[in-house]
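To start, the structure under review is shown below, and the notes come after it.
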Ligand code: MN
Ligand code: MN
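Numbering (this note's numbering), first residue to last: 2 to 471.
Rendered as structure tokens:
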């Protein structure tokens, strides 16, 4: 059956999932490749939330952004940023429309799952010095065994000076590792449930093996590590109590596949959305509505704390912006701005994995290469705790993306009752703004080597630009 234009009704009536590569011509494919090279540079440098803030600040300084609080007043086209405790960053470009008409906001998170050192980490056992860790975020513990780890972080000394530490990123530097049990002796371990096979208290990191001084000395292996740390950084054991040191995979992002269509790397959840949102913001020119990105910390552990999305910092920073844009600022003006804003919660979603297709519901799961993902709701067990985006909001974004030639797809985090997860969408929505989850599909999310498609990274960037312009 065809109509008078020779068109089969299926072409008009049926929604077809698209592959972004099919929609990209050679010049757009080249543009995507260049963009992804830059992204991989960012991802390889920014392995912790503090490093991601630093790398973002460097980028913003180069793009003409200035510290928000240095500006007495703001006018259309002004570009500003503000940083909270080196872990959260908000940047904005002031639009032509009055700020009271609301902002276009993209929120992403800078933190990723990892192993944190405990406040008193160092001990020795059977001729080895080790570091105790407490894992951060939702990890499958076995993925962190027998891989090279780098140590990143800060130590604040008793006199207040900050020591930054990065060891294990350069080829000539040592790395660290958590041992795994040899298969020959793993009979009992292999009989355990996967969740119980590696105890949390077993994630101890090998840090030294040459003893100090004479055999009479106690704790010679631990002492040797302390001496080395003291020589390198001038720190003592008590300094480790006021420190934040994270162990992350030491490898750099790599192309994956014979066609290099994918990127493999640590921390793409959610730094892929951080980088794409950042680039989109830097390229908006003088927008109609004020555009803002909020790059937040602590998403992986519930968005808590004063650097998490639940912190008043978000509303406070917007208050600082609004008060510089309009005379006669008061709280009602701020509340109106928040309420009239629209937001994308830019976070990753799960991509269908052919090796584990049984946990996905194929019709509603995102695909690698399927374009940027619109996720109407997250949550678990009956959409619990989600911010279910209104149909009107989904329609707005769909229209915007279609107009701009952005390839997009829908996503849902696995089969109903298979598990679930959340984002910062519900926290943004609590300010009465409209929010939709929109980000990049990831295979092996929260693993030490997460996979994304370059086409999707590029479509996220293109989609965020369209959102800022809309
Ligand atoms: Mn995330
Ligand atoms: Mn996550």
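Ideal Cβ placement from N, Cα and C applies to all residues, glycine included. In this text, all values refer to a predicted model and were calculated from it rather than measured experimentally.
Residues sharing a beta bridge with residue i, DSSP
i, result
"residue 262", "Answer is none; residue 262 lacks a bridge partner."
"residue 454", "263"
"residue 439", "375"
"residue 80", "94"
"residue 85", "89"
"residue 245", "155"
"residue 68", "82"
"residue 129", "126"
"residue 110", "297"
"residue 117", "135 and 247"
"residue 177", "150"
"residue 346", "108 and 438"
"residue 417", "Paired residue(s): none; residue 417 is not in a bridge."
"residue 422", "380"
"residue 196", "Beta-bridge pairing links residue 196 to no other residue."
"residue 255", "265"
"residue 410", "374"
"residue 168", "152"
"residue 1", "In the structure displayed, the chain extends from 2 to 471; residue 1 sits before or after that span and is not available."
"residue 385", "381"
"residue 309", "298"
"residue 444", "452"
"residue 207", "131 and 178"
"residue 163", "157"
Residue i, buried or exposed, once every other Cβ within 10 Å from all chains shown has been counted against 16
i, result
"residue 9", "exposed"
"residue 460", "buried"
"residue 427", "buried"
"residue 174", "exposed"
"residue 472", "This structure cannot speak to residue 472, because the chain is shown only from 2 to 471."
"residue 16", "exposed"
"residue 40", "buried"
"residue 95", "buried"
"residue 192", "exposed"
"residue 418", "exposed"
"residue 59", "exposed"
"residue 185", "exposed"
"residue 457", "buried"
"residue 333", "exposed"
"residue 446", "buried"
"residue 308", "buried"
"residue 25", "buried"
"residue 357", "exposed"
"residue 38", "exposed"
"residue 90", "buried"
"residue 259", "exposed"
"residue 440", "buried"
"residue 348", "buried"
"residue 281", "buried"
"residue 377", "buried"
"residue 386", "exposed"
"residue 362", "exposed"
"residue 293", "buried"
"residue 214", "exposed"
"residue 285", "buried"
Cβ separation of residue i and residue j, assumed to be a contact under 8 Å, to the nearest whole Å
i, j, result
"residue 63", "residue 80", "The pair is not a contact, with the Cβ atoms about 11 Å apart (cut-off 8 Å)."
"residue 1", "residue 352", "Nothing can be reported for residue 1: it is not among the residues displayed for the chain, which extend from 2 to 471."
"residue 455", "residue 262", "6 Å"
"residue 296", "residue 57", "6 Å"
"residue 234", "residue 176", "Actually they do not touch by this definition, with Cβ atoms about 18 Å apart."
"residue 335", "residue 316", "7 Å"
"residue 449", "residue 148", "6 Å"
"residue 410", "residue 453", "14 Å between Cβ atoms; not a contact."
"residue 395", "residue 437", "6 Å"
"residue 158", "residue 236", "6 Å"
"residue 272", "residue 111", "7 Å"
"residue 298", "residue 444", "Actually they are not in contact, since the Cβ atoms of residue 298 and residue 444 sit about 25 Å apart, beyond 8 Å."
"residue 451", "residue 269", "4 Å"
"residue 61", "residue 92", "6 Å"
"residue 339", "residue 435", "That pair is no contact at about 11 Å."
"residue 241", "residue 122", "6 Å"
Residue i CB to nearest heavy atom of ligand 3 below 7 Å
i, result
"residue 110", "The model on display carries ligand 1 and ligand 2 but not ligand 3."
Residues with a Cβ closer than 6 Å to any heavy atom of ligand 2, in chain order?
Checking every Cβ against the heavy atoms of ligand 2 under 6 Å gives 270, 301 and 447.
With contact counted as at least three CB pairs below 8 Å, one residue from each stretch, are the stretch 231-250 and the stretch 158-176 in contact?
Taking a contact to require three or more Cβ pairs closer than 8 Å, the stretch 231-250 and the stretch 158-176 qualify as touching.
Any contact between the stretch 195-208 and the stretch 124-135? By contact I mean 3 or more CB pairs, one from each, below 8 Å.
They touch, by the three-pair rule.
At a cut of 8 Å, does the stretch 225-232 reach the stretch 404-419 through at least three beta carbon pairs?
The answer is no - the stretch 404-419 does not touch the stretch 225-232, with fewer than three Cβ pairs under 8 Å.
Is there contact between the stretch 290-310 and the stretch 420-436, where contact requires at least three CB pairs shorter than 8 Å?
Flag = yes, the stretch 290-310 and the stretch 420-436 touch.
Okay, do the stretch 100-108 and the stretch 81-89 touch, 3+ Cβ pairs below 8 Å being the bar?
These segments do not touch.
Report yes or no: do the stretch 47-61 and the stretch 388-404 share at least 3 C-beta pairs separated by less than 8 Å?
The stretch 388-404 and the stretch 47-61 do not touch, with fewer than three beta-carbon pairs separated by less than 8 Å.
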